[in-house]
Amino acid sequence: QQKDVATMMRLPPCRRWVIAVAVAVCLLHQWMPHSECFADESEDINPCERFPYLVSVLRNVDGTQVHGCSGVLVNERWAITAAHCLDAAGSNPSILFGACDGDSGKVVATNYAAVHPRWTGLHWEGNDIALLRLEHGAPQLPGTLLNRNGNELSGDVYYASTTTACESTESDEDEGLSVVRRASAAGATDRETCRGTGEERWGDLIQFSMTCVTGGEICDGDSGGALTKLRIGEEPSTDLITGLASFPYDEEGCASASQPRAFTKLLEYLDWMAQATEEVLESSEKEAVAQLPSAASRGDTDAVKASLDAGATIVARPLAPAFFSATRAGHIQVLQLLLDAGADPSEGIQGGRGLSWPLSSAVSAGDVQMVKFLLGVGARAGGFDRLIYRGGPGESLVSDACWRQGDNYDEVVRLLLEAGACGSCGDAVGPECPGRD
Numbered sequence: 001q002q003k004d005v006a007t008m009m010r011l012p013p014c015r016r017w018v019i020a021v022a023v024a025v026c027l028l029h030q031w032m033p034h035s036e037c038f039a040d041e042s043e044d045i046n047p048c049e050r051f052p053y054l055v056s057v058l059r060n061v062d063g064t065q066v067h068g069c070s071g072v073l074v075n076e077r078w079a080i081t082a083a084h085c086l087d088a089a090g091s092n093p094s095i096l097f098g099a100c101d102g103d104s105g106k107v108v109a110t111n112y113a114a115v116h117p118r119w120t121g122l123h124w125e126g127n128d129i130a131l132l133r134l135e136h137g138a139p140q141l142p143g144t145l146l147n148r149n150g151n152e153l154s155g156d157v158y159y160a161s162t163t164t165a166c167e168s169t170e171s172d173e174d175e176g177l178s179v180v181r182r183a184s185a186a187g188a189t190d191r192e193t194c195r196g197t198g199e200e201r202w203g204d205l206i207q208f209s210m211t212c213v214t215g216g217e218i219c220d221g222d223s224g225g226a227l228t229k230l231r232i233g234e235e236p237s238t239d240l241i242t243g244l245a246s247f248p249y250d251e252e253g254c255a256s257a258s259q260p261r262a263f264t265k266l267l268e269y270l271d272w273m274a275q276a277t278e279e280v281l282e283s284s285e286k287e288a289v290a291q292l293p294s295a296a297s298r299g300d301t302d303a304v305k306a307s308l309d310a311g312a313t314i315v316a317r318p319l320a321p322a323f324f325s326a327t328r329a330g331h332i333q334v335l336q337l338l339l340d341a342g343a344d345p346s347e348g349i350q351g352g353r354g355l356s357w358p359l360s361s362a363v364s365a366g367d368v369q370m371v372k373f374l375l376g377v378g379a380r381a382g383g384f385d386r387l388i389y390r391g392g393p394g395e396s397l398v399s400d401a402c403w404r405q406g407d408n409y410d411e412v413v414r415l416l417l418e419a420g421a422c423g424s425c426g427d428a429v430g431p432e433c434p435g436r437d
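Under my numbering, the first residue of the sequence shown carries the number 1, and numbering increases by one thereafter.
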């Protein structure tokens, strides 16, 4: 069965069914520049400010920069893409930022690449991931990787997104590639269903390090696109990047079918990303990085900036301890610096009583300004969606605030209910806690 599926993947599109969720404009051929874009009616053409962390990994063909693959900016100095994209783009491809809807954007060179050591060149053996270090800071903000406690959150909507170049340019001209960003809703399929039986499933080719999704259409150049959990509608800063498009992909244009598509599950590669990016830091930079938690707790913005500049934002480095410390100390300016560096405001930290979240800490303290700030940047916490007043503090964020006395806690409850905490319970009990005068 594995041989049959592997053979099928090499067939032309007219003889196989292919599905993908990283939906993009269809290119006629990956090796050729194009002057116009095509879209299926089911595709969403996203505004330029949506999915700003998506980039185009370029390849050079006879002196012409053309779109090769999609990629994701996860740090001001690092981007990730599918490892198989570097087979054609080379070990140090340039990356195109910000080009959208006719704007040429900016091309930044890379000077270091780390391909996963267990990448064999065969997609179905997994480990289809590579890191690219930029020569200098990126001109746009990065996306946020799903943290190790991300599965604690509920109510997320999955989208798969990609970039596609519509025009090419000679490398010595001022004009740039025009890029569109496309996305479609994605349905996660459990591993056993994805493996399944028959020619529409992948059998033993699906590894534990992969995520299966269904929906939409796949076009050439979509590899390396992002699987994203959308938590607050159209607000990119709250997105969580969970996967990279791996296979199948079509080298001869666009294809669609009823087969799930495999994404590299980033949660399985956080440790490798942290190790691979930390290896390139100098000893002095590592010392500055180690100062981040204490600088955040003190509210020392200069020291926090120095630590971040030194490399504290290496990919997958947990920023949660520093973020949590700054939350408890009320240092909103520090929190904003950490958010700009890619911190996840909903990431919890492990303590003696289990996981704790920044938002739950602010709620317990009755810090109205901090609660307002955290909710505004999309922070969530365990118990956010539970029903109100189920017996005591700790059952939900709202009940935790209700058990505490003071006008500030009444305001905290109001803010939580306005943000949708505990689902529809706010409609039943109103903005005040039950039993409180």
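We treat Cβ as the ideally placed atom computed from N, Cα and C, and that holds for glycine.
* **Rounded C-alpha distance that separates Ser297 from Ile349** => 15 Å
* Would DSSP call Glu170 helix, strand or coil? -> Because the pLDDT at Glu170 is just 37, under 50, the model does not fix this residue reliably, and the value given afterwards should be weighed accordingly. Correct three-state label for Glu170: strand.
* Would you report the Cα separation of Ala421 and Ala401, rounded to the nearest angstrom? -> 12 Å
* By how many angstroms is the C-alpha of Lys229 removed from the C-alpha of Tyr389? -> The predicted model places Tyr389 with a pLDDT of 41, which falls under 50 and marks its position as unreliable; any figure quoted below should be read in that light. C-alpha separation (whole angstroms): 29 Å.
* Asked: Ala419 by DSSP, collapsed to three states: which one?
  -> coil
* In the DSSP assignment, find the unbroken alpha helix (DSSP H) run with Ile332 in it and report its ends. => Ile332 to Asp340
* Asked: What is the rounded straight-line gap between the Cα of Gly444 and the Cα of Gln291?
  -> Outside the displayed span of the chain (1 to 437) sits residue 444, for which this structure offers no information.
* Can you tell which of Phe323, Arg77 and Leu227 has the C-alpha that lies nearest to the C-alpha of Ala245? -> Leu227
* Between Val280 and Val289, what straight-line distance do the alpha-carbon atoms span, to the nearest angstrom? -> 13 Å
* Taking C-alpha atoms, which residue in His84, Trp78 and Asn75 lies nearest to Arg59? -> His84
* May I ask you to report which of helix, strand or coil DSSP gives Trp272? => helix
* Candidates Trp119, Phe384 and Ser396: which alpha carbon is nearest Ala82's? -> Trp119
* Since I believe Gln65 is in contact with Ser94 (beta carbons under 8 Å), could you give me their beta-carbon distance rounded to a whole number of angstroms? => 7 Å
* To do: Starting from the C-beta of Leu337, find all residues in its chain whose C-beta is less than 8 Å away, skip the five residues before and the five after it, and write them out in chain order.
  => Thr301, Val304, Lys305 and Leu308
* Beta-carbon contacts of Pro139 that lie in its chain and below 7 Å, excluding the five residues immediately before and after -> Phe97, Gly98 and Lys106
* **Rounded separation between Gly299 and Ala365 - CA only** => 18 Å
* To do: Decide if Ala109 is buried, meaning its Cβ has at least 16 other Cβ atoms within 10 Å, or exposed.
  => exposed
* What are the uninterrupted segments assigned as beta strand (DSSP E) that are 3 or more residues long and contained completely in the region 63 to 108, given in chain order? -> 64 to 73, 78 to 81, 95 to 97 and 106 to 108
* Asked: Among Gln333, Leu339 and Gly382, which has the Cα closest to the Cα of Gly354?
  -> Gly382
* To do: Kindly indicate which residue of Thr327, Pro142, Thr144 and Glu268 has the alpha-carbon position closest to the one of Gly126.
  => Glu268
* To do: Tell me, please, which residues DSSP counts as bridged to Thr327.
  => Paired residue(s): none; Thr327 is not in a bridge.
* Inter-residue spacing [alpha-carbon to alpha-carbon] between Gly68 and Ser56 -> 7 Å
* Sequence-distant residues of the same chain with beta carbon closer than 6 Å to Ser223, five excluded per side -> Cys69, Ala82, Cys85, Ala245 and Tyr249
* Name the one or two DSSP bridge partners that Asn60 has. => Gln65
* Asked: Thinking C-beta only, is Ala322 closer than 9 Å to Pro293?
  -> yes
* In this structure, does DSSP put Gln350 in helix, strand or coil? -> strand
* Would you list the one or two residues that DSSP bridges to Ile241? => Leu145 and Thr228
* Asked: Does the beta carbon of Gly299 sit closer than 9 Å to a beta carbon anywhere in chain B?
  -> No chain B appears in the structure shown, which is made up of a single protein chain.
* To do: Could you tell me the distance, in whole angstroms, from the CA atom of Leu146 to the CA atom of Asp410?
  => 32 Å
* Identify whether Phe373 lies in helix, strand or coil by the three-state DSSP scheme. => helix
* Integer-rounded CB distance, given that Gly352 should sit under 8 Å from Pro142 -> Going by Cβ atoms, the distance from Pro142 to Gly352 rounds to 32 Å, so no, they are not a contact pair.
* When Cys100, Gly121 and Glu135 are compared against Tyr112, the one with the closest alpha-carbon -> Glu135
* To do: Kindly identify the DSSP beta-bridge partner or partners of Val55.
  => Gly71
* Asked: So, helix, strand or coil for Arg380, using DSSP?
  -> coil
* To do: Using the Cα positions of Ala329 and Pro236, report the straight-line distance between them to the nearest angstrom.
  => 27 Å
* Reference Phe247; option with closest CA among Val412, Glu418 and Thr211 -> Thr211
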